[in-house]
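Per our numbering, the sequence shown starts with residue 403, numbered consecutively. Note that CB positions come from ideal geometry on N, CA and C, so glycine has one too. Predicted model, so just to flag it, every value in this text is computed and none were measured. Have a look at the structure below before the remarks.
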Amino acid sequence: MAAGLSLMLLLACSPKDNQPSPQPAKVIPTPVELIVGTDSISVNKLTNLPQKVSISEKDLLCKLGDQALTDWQLKSAYWMEIGKRRVKIVAADEEGVFYARQSLKMMASLDSMVTCCTILDWPRFQYRGVMLDESRHFQGKEFIYKQLEMMALLKMNRFHFHLVDNPGWRLQIDAYPRLTQFTAWRPVPYFWDWEINKIGGDFVDEGTPDAYGGYYTKKDIADILAFAAERHIEVIPEIEMPGHNYETRAAYPELACSLEDGGPSKRELCPGKESTYTFLENVLLEVFELFPNEYIHIGGDEAGKKSWAICPDCQARMKDEGLENVEELQSYMIRRMERFAHEHGKRIIGWDEILEGGLAPDATVMSWRGTKGGLKAIAEGHDVIFAPTHYCYLDHHQDPEQYHRAGRHLPLEKVYSFDPMQEKIAEEDAHHVLGIQGCLWTEHVLEAWHAEMQLYPRVFAIAETGWSPAEKKNWPDFEQRSSKFSKVARDWGYNVYVKPMTNVAP
Ligand code: ACM
Ligand code: ZN
């Protein structure tokens, strides 16, 4: 902040001698600059105060002084002054006004009195995300709305929608109706019973009594996108390839390798057959039409490659394309799909396995197996989103005694401790770090209350890491703010995990 501006704000707002120093607002994520005044007003008054809003880049630049922000930071930045008689907001874009109002809303939720203050604020990272796996267990539209609302309040801006995977396809695709008429439904609700205990058999037709599952129609997706857009959240769909396609093969067995029963790999598409590409392109065309944003996630993780090594179609493809091994065959598929995405004005994101066999030229890597993949991608000049398992996988449990204990112990403090801009990243490569994402896989997460218990309060920590400057992060202070806001969120009906354990199955 410019020295002159700091001084003016201090003169206007600094506490007078002998008065108790006012409490700063306890918002999450903590703002870049916050100068606390001496006056306080009641929340009732605050929510009815007139707002003077100026959407002007010039005015915002004036408030920013000598701070040089990138274009995307400028779009989200805001200056806000909460006085006794009115709230003034200055931003370069509607998005900045929206974030100012989210700060206001959070402040008003925390205390009955709000201390007057001036805030200057902008995000540290452009990608502040949450991923939800709805293939293993399906929650539906209302649940998504509720989580998008919370994300917006936390100034998060990317919702990664894991819509398709082995245990269920959740997106209407007109060209391939069996994906939703058949493989969106299974005979038992709990994924683990179905996958590991093999109860009830594979998939069942839509309409089968007691079938578990569901999917989003195109109208549902349009509704979700509209809801998200109003909150400045981009929804990134994930269409998995070539692995995690057990359900696709159940619906269309011809997409497996040309071997008995598809060969030893049971969840992979055949990257040798031309018909696989026709299928993927037809699916993506419908996805591109539905989702207006630039990015599409194409998965790319955990593909078993044993069938490819013996499938005649895969072998022929490798020979024709001069591919030396099955890793290069996967890379061939991802590069080809990237070309297709580019032809339609889209870019791809993939899990870090897409590095194996050679990275597609413009792909963004989502680093989940630690940070090594992300660092390698950055070294190769690619953009990266960090979602390392040990810090960002929200399916991992928060308490060893917790209901449905899964994964490692991942307490709030550990999530909070992760910094996407690790010391190993050179200054000149910093722009390749797009941001951070918390991922909720739902192998063990059947009900909505349980999903929320896994998400919160850890999503608060992801939000602060994504938005607040590194030097402003402070664990003891965050822990207090998180605990205070958790109570509010619980009053609003979110099942926030609280230590010691108070969450029990209803
Ligand atoms: C992953 O967890 N398989 C991306
Ligand atoms: Zn094959």
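task: Would you identify the three-state DSSP class for P878, choosing helix, strand or coil?
output: Here P878 sits in helix by DSSP.
field: Other residues of its chain near F820: CB distance less than 6 Å, five sequence neighbours each side excluded
entry: Result list for F820: Y793, in chain order.
query: So who's on the other strand from R560, going by DSSP bridges?
result: Looking at the DSSP assignment, R560 forms a beta bridge with G531 and E636.
message: Rounded to whole angstroms, what is the Cα-Cα separation between F742 and E683?
response: When rounded, the separation of the alpha-carbon atoms in F742 and E683 is 8 Å.
message: Considering only heavy atoms of the ligand ZN, does any lie closer than 7 Å to the CB of W869?
response: False, no ligand heavy atom lies under 7 Å from that Cβ.
message: Less than 7 Å separating the Cβ of G645 from some heavy atom of the ligand ZN?
response: Remark: the C-beta of G645 is outside contact range of the ligand ZN, defined as less than 7 Å to any heavy atom.
query: Using a threshold of 7 Å, is the CB atom of S660 nearer than that to any non-hydrogen atom of the ligand ZN?
result: Checking every heavy atom of the ligand ZN against the Cβ of S660, one is found closer than 7 Å.
task: Look at the alpha carbon of T440 and the alpha carbon of K486, and state the distance between them as a whole number of angstroms.
output: Going by the C-alpha atoms only, they are around 10 Å apart.
- prompt: DSSP on F788, reduced to helix/strand/coil?
  reply: In this structure, F788 counts as strand in the three-state DSSP scheme.
message: Please tell me whether, using a cut-off of 7 Å, the distance from the CB of S709 to the nearest non-hydrogen atom of the ligand ZN is below it.
response: At least one heavy atom of the ligand ZN is nearer than 7 Å to the Cβ of S709, so yes.
task: Can you give me the Cβ contacts of I430 inside the same chain, cut-off strictly under 8 Å, excluding the 5 residues immediately before and after it?
output: Only M508, L556, F862, A865, E866, F880, R883, S884 and F887 meet the Cβ criterion.
- prompt: Taking DSSP as the reference, what is the three-state secondary structure of Q824?
  reply: In the structure shown, Q824 sits in coil (DSSP, three-state: anything other than H, G, I, E or B).
message: If I measure Cβ to Cβ from L451 and keep anything under 6 Å in the same chain, skipping five residues before and after, which residues do I get?
response: Within the same chain, R488 and V489 come within 6 Å of L451 by CB-CB distance, once the 5 residues on both sides are set aside.
task: Tell me, please, which residues DSSP counts as bridged to C519.
output: According to DSSP, C519 bridges with V438 and I484.
query: Buried or exposed: which applies to K826, given that a residue is buried once 16 or more other Cβ atoms fall within 10 Å of its Cβ?
result: Its Cβ having fewer than 16 others within 10 Å, K826 is exposed.
query: So, is I838 buried or exposed, given that buried needs 16 or more other C-beta atoms within 10 angstroms?
result: It counts as buried.
query: Where the beta carbon is closer than 6 Å to any heavy atom of the ligand ACM, which residues qualify, in chain order?
result: Per the Cβ criterion, the list is D703, E704, W753 and W770.
- request: Quick one: give me the first and last residue of the alpha helix (DSSP H) that Y547 is part of.
  value: For Y547, the uninterrupted alpha helix (DSSP H) segment begins and ends at K543 to L555.
- request: May I ask you to check if the CB of C713 is nearer than 7 Å to at least one heavy atom of the ligand HEM?
  value: Of the ligands this structure carries, namely the ligand ACM and the ligand ZN, none is the ligand HEM.
field: Sub-8 Å separation of E670 and S709 beta-carbons
entry: Yes.
field: Runs of beta strand (DSSP E) wholly within the region 635-693 (minimum 3 residues, chain order)
entry: You should have 636-643.
From I787, S769, G868 and M855, residue whose alpha carbon lies closest to that of H798: For H798, the closest C-alpha among the options I787, S769, G868 and M855 is that of M855.
query: Hey, L836 and D785 are a contact pair by Cβ (cut 8 Å); roughly how many whole angstroms apart?
result: So it is a contact: roughly 5 Å between Cβ atoms.
- request: Please name the residue in D663, H634 and A762 whose C-alpha comes closest to that of D495.
  value: Of D663, H634 and A762, the residue nearest in Cα terms is H634.
- prompt: Under a three-way DSSP split, which group does S819 fall into?
  reply: Correct three-state label for S819: helix.
Buried/exposed call for P433, threshold 16 Cβ in 10 Å: Counting every other CB atom within 10 Å of its CB across the protein chains shown gives P433 a total of 16 or more, marking it as buried.
- request: Look up C716 in the DSSP assignment and say whether it is helix, strand or coil.
  value: Helix at C716.
message: Measuring only the C-alpha atoms, how far is Q574 from T449?
response: The straight-line gap separating the alpha-carbon atoms of Q574 and T449 is approximately 41 Å.
message: What does the Cβ neighbour count give for Q348, buried or exposed, with the cut at 16 atoms within 10 Å?
response: Because residue 348 is not part of the residues shown, which for the chain are 403 to 908, the question remains open.
- prompt: Can you tell me whether N559 is buried or exposed, with buried defined as 16 or more other CB within 10 angstroms of its CB?
  reply: Answer is buried; the Cβ neighbour count reaches 16.
- prompt: Using the beta-carbon count (16 or more within 10 Å), is H833 buried or exposed?
  reply: H833 should be labelled exposed.
- prompt: What are the start and end residues of the beta strand (DSSP E) that includes Y697?
  reply: Taken as a continuous stretch (DSSP letters only), the beta strand (DSSP E) holding Y697 covers Y697 to G701.
task: Could you round the C-beta distance between C518 and I484 to whole angstroms and report it? I think they count as a contact, below 8 Å.
output: With 8 Å as the limit, C518 and I484 qualify as a contact, their Cβ atoms being about 5 Å apart.
Paired residues, beta bridge with M768 - DSSP: Beta-bridge pairing by DSSP links M768 to W753 and I787.
- prompt: Measuring CA to CA, which of D523, E845 and G840 is closest to L812?
  reply: L812 has its Cα closest to that of G840, out of D523, E845 and G840.
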